[in-house]
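Student: Pasting a structure here, questions to come.
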Amino acid sequence: MRLLAATLLVLAGTVTADITYDIDLLQHLEKLADNRYPTEDNSANRANTRDYIRDRFRNYGLDVMQQKFNTTVNKDKYGLSMDLMQVEGTNVIGVVPAVTKHPGAVVVVGADYDSNGIVDPMFHNGGGVAALLEVARLYFFNKAWSGRFAVNFTTVFVAFDINTKLHENSPGTPGGRFFVRDWLWPMLGRNATYFGGAVILDSVMNVDYEINSQVLTSGFNELFPDTYKRVQESGAKGDFLSMVSWGNADASITLKDQFKGSYNKDRKMRRFRLEDMKLHDGVFLDDFVKQVVRSENIHFWRFIDDKNATIQLPALLLTDTASLRRSPIDNCDKCRPVDLLTEERIEFLEATVKATTDFLFNRQATLLPEVSGSKAAFIPSMLMTTLMLCLVRLYM
Ligand SMILES: *[C@@H]1O[C@H](CO)[C@@H](O)[C@H](O)[C@H]1NC(C)=O
Ligand SMILES: *[C@@H]1O[C@H](CO)[C@@H](O)[C@H](O)[C@H]1NC(C)=O
Ligand SMILES: *[C@@H]1O[C@H](CO)[C@@H](O)[C@H](O)[C@H]1NC(C)=O
Ligand SMILES: *[C@@H]1O[C@H](CO)[C@@H](O)[C@H](O)[C@H]1NC(C)=O
20 MRLLAATLLV
30 LAGTVTADIT
40 YDIDLLQHLE
50 KLADNRYPTE
60 DNSANRANTR
70 DYIRDRFRNY
80 GLDVMQQKFN
90 TTVNKDKYGL
100 SMDLMQVEGT
110 NVIGVVPAVT
120 KHPGAVVVVG
130 ADYDSNGIVD
140 PMFHNGGGVA
150 ALLEVARLYF
160 FNKAWSGRFA
170 VNFTTVFVAF
180 DINTKLHENS
190 PGTPGGRFFV
200 RDWLWPMLGR
210 NATYFGGAVI
220 LDSVMNVDYE
230 INSQVLTSGF
240 NELFPDTYKR
250 VQESGAKGDF
260 LSMVSWGNAD
270 ASITLKDQFK
280 GSYNKDRKMR
290 RFRLEDMKLH
300 DGVFLDDFVK
310 QVVRSENIHF
320 WRFIDDKNAT
330 IQLPALLLTD
340 TASLRRSPID
350 NCDKCRPVDL
360 LTEERIEFLE
370 ATVKATTDFL
380 FNRQATLLPE
390 VSGSKAAFIP
400 SMLMTTLMLC
410 LVRLYM
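According to the working numbering, the sequence shown is numbered sequentially starting from 20.
Spelled out as structure tokens, the structure:
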């Protein structure tokens with residue numbers, strides 16, 4: 020009965036065109052509320068989270084790999100001591116394999132899963148990880164069960180561990196750099212031609228419709244005049260998602276325009292929007308830029324190969340601007356983790372999941388023509404997809 024009800028509900032409400040979107044972020048977010056700063060006292064939380072991501076990827080049907088690395092972090096999360104320690108990190112990687120050696124073939128979707136011990140671990144970056152898991156699930160399941168898509172190109176989902184750049188005074192190499200240098204680059208046959216781009220989800224759940232909830236840094240007007248104007252005119256509301264890209268290379272422009280196209284498909288139904296924010300060489304280190312270059316996108320924008328040559332790989336950073344937006348706990352009276360997950364925030368995060376999934380289907384797969392021109396053939400496959408999604412939700 021429960022299954023039937025769920026099936027009907029999903030069928031009635033969330034089937035859009037050819038992709039089934041039954042986004043469920045809360046199941047993941049519940050698991051991502053604990054501290055994951057890489058010290059001894061958090062080792063159980065860290066292992067649980069790593070295993071959770073690995074098991075989800077496996078259940079969804081992805082090829083799963085774990086990339087271990089050693090790095091150095093500060094024992095004090097506030098970075099006040101100079102007491103350093105070596106820790107082992109694990110990037111969790113899930114692949115949907117197809118053609119790799121074709122121009123622009125490989126696309127990466129990634130999010131940090133550790134936390135810096137100071138900012139709320141659900142926002143930084145549980146929300147990004149929950150979105151990553153849902154995109155992986157929706158992409159693989161629609162592909163596998165609808166029978167409506169041929170997957171052309173390889174897609175890589177990665178949960179990065181230990182982003183030392185976001186820890187205070189931690190000098191070690193961040194997990195993202197290990198991933199790009201030691202996993203992705205060899206996988207690309209050391210040829211940037213085959214890389215399509217990365218979408219990095221870093222702090223993507225905080226939306227705020229209050230006046231003056233958004234801080235605009237001193238350089239904002241000069242760096243992003245259009246965004247600056249819109250935010251000013253709105254009364255400095257934190258009601259947008261930033262999409263930050265770097266440079267004018269064709270691959271980078273294509274990547275951001277494709278993502279924007281997917282995000283804006285149902286923009287008219289929304290109170291929030293996407294801001295297209297492009298940086299370029301020679302940019303000054305404004306506080307916003309300082310924050311942006313600490314996220315994993317930097318290892319793509321400024322990749323250093325085996326011969327010490329700097330190569331620019333296309334990547335987008337999606338962010339709610341983190342510390343430049345009013346903190347979610349500022350106006351929270353109870354402040355249990357669950358109280359922070361308001362409908363507004365979940366809706367905002369769902370839009371990112373939907374856009375990223377749509378972007379992947381448009382870019383990495385092909386919608387097959389209907390068999391013998393009959394709509395009827397499509398109904399069972401759609402039902403099958405929906406049923407599979409429900410089964411997984413209930414029993415896995
Ligand atoms: C990390 O260091 C530990 C202790 O030195 C070592 O046992 C382990 O194999 C190292 N891991 C990697 C991935 O290098
Ligand atoms: C994708 O795969 C389908 C089915 O194999 C094929 O018909 C189509 O031409 C491919 N598209 C690209 C861009 O390779
Ligand atoms: C990268 O691959 C392309 C297409 O196969 C090829 O033309 C190019 O020479 C390769 N570049 C390098 C540096 O190997
Ligand atoms: C790359 O640069 C590093 C540090 O600047 C240096 O130690 C290393 O030898 C260089 N490697 C090559 C292949 O030039």
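Beta carbons are placed, not taken as given, at the ideal position from N, Cα and C, and that holds for glycine.
From Ala370 to Asn210, what distance separates their C-alpha atoms?
Tutor: Near 33 Å, if we compare the C-alpha coordinates of Asn210 and Ala370.
Student: Using the Cα positions of Asn54 and Asp133, report the straight-line distance between them to the nearest angstrom.
Tutor: Using only the alpha carbons, I get a separation of about 8 Å.
Student: In whole angstroms, what separates the C-alpha of Asp70 from that of Pro57?
Tutor: If I take the Cα positions, the gap works out to 15 Å.
Student: The beta strand (DSSP E) spanning Asn110 covers which residue range?
Tutor: 103-115 is the span of the beta strand (DSSP E), which, as asked, contains Asn110.
Student: Cβ-heavy atom distance between Phe88 and ligand 1 below 7 Å?
Tutor: Yes.
Student: Since Leu44 and Leu368 should fall inside the 8 Å C-beta cutoff, what is the C-beta to C-beta distance between them, to a whole number of angstroms?
Tutor: With 8 Å as the limit, Leu44 and Leu368 qualify as a contact, their Cβ atoms being about 6 Å apart.
Student: Please state whether the Cβ-Cβ distance between Val372 and Glu153 is less than 8 Å.
Tutor: Closer than 8 Å, so yes.
Student: From which residue to which residue does the beta strand (DSSP E) around Arg292 run?
Tutor: Note, Arg292: beta strand (DSSP E), 292-298.
Student: Taking 8 Å as the cut-off, does the segment 133-144 touch the segment 274-286 (at least 3 CB pairs, one atom from each stretch)?
Tutor: The segment 274-286 is not in contact with the segment 133-144.
Student: Within the same chain, show all residues whose beta-carbon is closer than 8 Å to that of Lys279, passing over the 5 residues directly before and after it, in chain order.
Tutor: So the list reads Met262, Leu293, Asp295, once near-sequence residues are dropped.
Student: Quick check: the Cα distance between Ser393 and Gln383, rounded to an integer number of angstroms?
Tutor: The predicted model places Ser393 with a pLDDT of 47, which falls under 50 and marks its position as unreliable; any figure quoted below should be read in that light. Whole-angstrom Cα-Cα distance: 25 Å.
Student: Alpha carbon to alpha carbon, how far is Glu389 from Leu109? Give it in angstroms, no decimals.
Tutor: Checking the sequence, you will find Thr at residue 109 rather than Leu. If you take the alpha carbons of Thr109 and Glu389, they lie about 42 Å apart.
Student: Under 7 Å: does the beta carbon of Glu153 sit that close to some heavy atom of ligand 1?
Tutor: Glu153: no, Cβ never under 7 Å from ligand 1.
Student: With hydrogens ignored, establish whether the beta-carbon of Glu59 is closer than 7 Å to any heavy atom of ligand 1.
Tutor: The answer is no for Glu59.
Student: Per the DSSP calculation, Ser440 is bridged to which residue(s)?
Tutor: Any answer about residue 440 is impossible in this case: the structure gives the chain only from 20 up to 415.
Student: Pull up the distance between the alpha-carbon of Thr385 and that of Thr91, whole angstroms please.
Tutor: Straight-line Cα distance between these residues: approximately 43 Å.
Student: Are the segment 175-187 and the segment 297-305 touching, with three or more C-beta to C-beta distances below 8 Å?
Tutor: No: the two stretches stay apart, fewer than three of their Cβ pairs being nearer than 8 Å.
Student: Can you say whether Lys120 is buried or exposed, counting buried as having 16 or more other CB atoms within 10 angstroms of its CB?
Tutor: With fewer than 16 Cβ atoms within 10 Å of its Cβ, Lys120 is classed as exposed.
Student: Between Val218 and Val128, is the Cβ-Cβ spacing less than 8 Å?
Tutor: Yes, these two residues count as a Cβ contact at 8 Å.
Student: Less than 8 Å between the CB atoms is what I'm expecting for Val308 and Leu336, so what's the real figure, rounded?
Tutor: Between Leu336 and Val308 the Cβ distance is about 11 Å, and since that is not below 8 Å, they are no contact.
Student: Exposed or buried, which one is Glu315 when buried takes at least 16 other CB atoms within 10 Å?
Tutor: Under this definition Glu315 is a buried residue.
Student: Pull up the CB-CB distance for Asn231 and Gly254, whole angstroms please, since I reckon it's below 8 Å.
Tutor: Correct: roughly 7 Å between the Cβ atoms.
Student: Would you give the residue range spanned by the beta strand (DSSP E) that Asn93 belongs to?
Tutor: Its beta strand (DSSP E) spans residues 82-93.
Student: Which residues in the same chain have their Cβ closer than 7 Å to the Cβ of Phe159, if we skip the five residues on either side of it in sequence?
Tutor: Tyr79, Gly80, Leu81, Val115.
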